[in-house]
Every structure is written in structure tokens, then in C-alpha cells.
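Residue numbers for the sequence shown, in the working numbering: 5 to 97. For every residue, glycine included, the Cβ atom is placed at its ideal position computed from N, Cα and C.
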Amino acid sequence: MDKIIIIDVELHNGVADHFNDFGLLAVRASDLNRSLVQSDLWQQFDRLTTLLVFPGNGAHIVRTYLSSDWLATWSWVTVPAQRFWQPGTTPQV
5 MDKIIIIDVE LHNGVADHFN DFGLLAVRAS DLNRSLVQSD LWQQFDRLTT
55 LLVFPGNGAH IVRTYLSSDW LATWSWVTVP AQRFWQPGTT PQV
């Protein structure tokens, strides 16, 4: 299955399984963030010199799923982001 839908809201038990009927794998945002936080890739970064940047509302949603204890070990900032779109052109952020 190569089509994934990320669920960032609570669903009743079993509801996410119905996405399979449409060829979609439903993945909870909290599970994705847990995998992200547990990744060995973080060992490549120096916590004293690395700044995590969370741009826009989408990143705010992601940040809400991160453990406050984990976030407290990093320097991070939220920055506003805005989409610009003129009809007939590709949207830009």
C-alpha cells in the first residue's frame, strides 16, 4: 500500500481501519512523531548548536504531538508562515 493518510484527530476505535477500504493506510500523527523522536538521526545533531524551527500552523500541529520533555532538551522556535497564491500560478510559501 503506497497511499497514506495522516490522522491528526482522535477517531473512535476501528474507524481508521475503514480507510483500508479506499486503499489508504491510516497512520496516527502521534505514532509518526514517536518514531521521529526515537530515530538515531538525532544523535548527529548537537543540542547546544541546533535550533528546531516549526514554521506555520502545520508545524504547530506537529509540535503538539511532541513530548514537552523531549522539546525541553532542544532550542526551538515557532515562526509564522503564509501562503501566497495568484490564480494560474503555483502556490508559494
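First through last residue of the beta strand (DSSP E) which encompasses residue i
i     : result
Val31 : Leu29 to Arg32
Endpoints, alpha helix (DSSP H) assigned at residue i
i     : result
Ser72 : Ser72 to Leu75
Asn61 : Gly60 to Thr68
Cα-Cα separation, residue i to residue j
i     : j     : result
Thr93 : Leu15 : 36 Å
His64 : Asp25 : 30 Å
Pro59 : Asn17 : 32 Å
Ser79 : Val19 : 37 Å
Residues that DSSP places opposite residue i in a beta bridge
i     : result
Ser79 : Leu55
Option nearest residue i by Cα separation, candidates the options
i      : options                       : result
Ser71  : Leu45, Leu36, Gln86 and Leu52 : Leu36
Pro171 : Gln47, Trp46, Ala20 and Gly62 : With the chain represented from 5 up to 97, any question about residue 171 goes unanswered, as that position is not in the structure.
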